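Below is one structure, written out as structure tokens, with a few remarks after it.
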DNA sequence: AATCGTCGTTCCGGAAGTCGGAACGGCTTG
DNA sequence: CAAGCCGTTCCGACTTCCGGAACGACGATT
């Protein structure tokens, strides 16, 4: 239920459209798209107000994006995200050749531990979950607000960051925001946790993002340049007592084996 | 395996960038994105060649789209679709409030008929499948090349077009392309089939898109302005003998009931 | 039922962004 | 070692785009 400020915007107290590259109109067009991350339907006036641009400009942007299929018109002159974005998004994930390979192992792991299994990749300083196998009984599709996590507070983010110094510095530069009383916000302690993660080959998160919920993650690696490099994270998430209690060793073993199997399959698929 | 020319491009023998709206740079940026529908990785040179623009322009476009997160850089200076598109795409589908509502009924229908169940929506003159419940045993995620169908050759496209005169004319204007010897390509026959669809409340397609595979679809409707209006299609697809053979009445009944249940749930969810 | 307010759209001139060609540096290839 | 290819950058001329104001339409309010 917590709403995060996820897009990496360097907003300066008002929402002015930032320009850090040429192609100003393209940049603003992307900013227009970003507006639809928060609200489902928007008109020219609200977009113009949010971006601090002229209403006519916003109108043109919306029309251009709509003719391109990235937006769609909703009867009453407003706009919403277009289904072409769904196609592009599916293509983007398909081409990772990750989801298809991971799905069988995720299903088996779910049967083994009877908890929800997540497949996450690194996007900026966040973890984006591209697939999820819900624990039996929770038949709801995972919601938009739970599709992305800040990397520092999740076990998946830790296995992804552990082997990526650049990502660690980016995470620390962004700051370790506190979400629960258990969130690790001390940089030294965070680095220490990452070192432990490197050593033991898996990571945990004890109610650091959402009270009552904990997770264990293992890295999915791909050998690049002789060394295994993590490209994704497989995580088991559930109530703390169920994943970090007596069953923890079994869960750890299950995640690590599943991640190792996916890594091997991925290596073969991309061979 | 058949590759279709699906994007609604009015290409004029060469691939020149079409401009039908202001915001030329935004239009070309969208065209740049379109290039990635075919190829997974592209560089500035190939994009420039495909769109008939200067290499420098293509480079700027790629850079701008990458800073916006719509594209990502792949080590070697090339680009690929960015995962932000996945987020936007998921949002676009989530906001239809369709997938979550339909998923339980789709699972039950799959258990009932033991075939693959598809949930499709209308996009231009195509049907885009936003969810699929694979028949047991076929545990593969549905592939990109099967995520979109021309509307005239699929049962889902027929239940969507049956109540939409504008869509019918659009489909006919585009032309009824033949994919198999069974594809209906005669406009009069096509209109007749749509009339039958309207009457009986479901549609069939007998190997009209892929040899050996047939489907039965029923409309998911939403009451707008007093009249039920189809917003999606639920279809069962499988080998012809299994869906159009002796089991056809059972399949028809199953699809119609499931679609009706989804329609009711949808009505309640959007109320 | 009429009026006011709001919203999306269009038009126009000034001005800024953008396009295309050529040159540069890095990389792979022969 | 050299040559070709590719992505990137620079620059001038030009085309396009931005912003303000007006228009038409829809909806709500009184």
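Residue numbers (my numbering), protein chains in the order written: chain A, 1 to 271; chain B, 1001 to 1271.
Positions of the beta carbon are idealized from the N, C-alpha and C atoms, including for glycine.
Keep in mind the model is a prediction, meaning the values are calculated, not measured.
At least 7 Å separates the beta-carbon of residue 1099 (chain B) from that of residue 1123 (chain B). Near chain A, meaning a CB-to-CB distance below 9 Å, the residues of the region 1068-1096 of chain B are 1068, 1069, 1070, 1072, 1080, 1081, 1082, 1083, 1084, 1085, 1086, 1087, 1088, 1089, 1090, 1091, 1092, 1093, 1094, 1095 and 1096. Distance from the Cα of residue 135 (chain A) is smallest, within the candidate group A:161, A:146 and A:115, for A:115. Distance from the CA of residue 1221 (chain B) to the CA of residue 1233 (chain B), rounded to the nearest whole angstrom, comes to 9 Å. If one requires a minimum length of 4 residues, the alpha helix (DSSP H) runs lying completely within the region 1197-1254 of chain B are 1240-1243, in chain order.
Leaving aside the five residues that flank residue 1201 (chain B) on each side, the residues in its chain whose CB is nearer than 8 Å to its CB run, in chain order, 1218, 1219 and 1256. Its Cα nearest to that of residue 1113 (chain B), the residue B:1237 stands out among B:1095, B:1237 and B:1261. Bounds of the alpha helix (DSSP H) holding residue 100 (chain A) are 99-113. Out of A:148, A:262 and A:65, the CA that lies nearest to the CA of residue 107 (chain A) is found in A:262.
Residues of the region 1197-1227 of chain B with a Cβ closer than 7 Å to any Cβ of chain A: none. Our two residues, residue 1176 (chain B) and residue 1093 (chain B), have alpha carbons roughly 28 Å apart in a direct line. Between the alpha carbons of residue 121 (chain A) and residue 148 (chain A) lies a gap of roughly 10 Å. In terms of CA proximity to residue 227 (chain A), A:163 leads the group A:208, A:40 and A:163. Residue 165 (chain A) does not reach chain B, its nearest Cβ partner there being about 17 Å away, counting only Cβ pairs nearer than 9 Å. Out of B:1152, B:1198 and B:1102, the CA that lies nearest to the CA of residue 1132 (chain B) is found in B:1102. Under the 10 Å beta carbon count, residue 1056 (chain B) is surrounded by fewer than 16 other beta carbons and is classified as exposed. Taking 9 Å as the cut-off between beta carbons, the residues of the region 37-54 of chain A near chain B are 37, 40 and 41, in sequence order.
Excluding the 5 residues flanking it on each side, residue 207 (chain A) has same chain C-beta neighbours closer than 7 Å at 180, 182, 213, 214 and 240, in chain order. When the beta-carbon positions are compared, residue 44 (chain A) and residue 62 (chain A) come within less than 7 Å of each other.
Annotated three-state conformation of residue 25 (chain A) is helix, per DSSP.
In the DSSP annotation of this structure, residue 88 (chain A) is not part of any beta strand (DSSP E); the continuous alpha helix (DSSP H) holding it starts and ends at 84-94. At a cut-off of 7 Å between beta-carbon atoms, residue 1133 (chain B) makes no contact with chain A.
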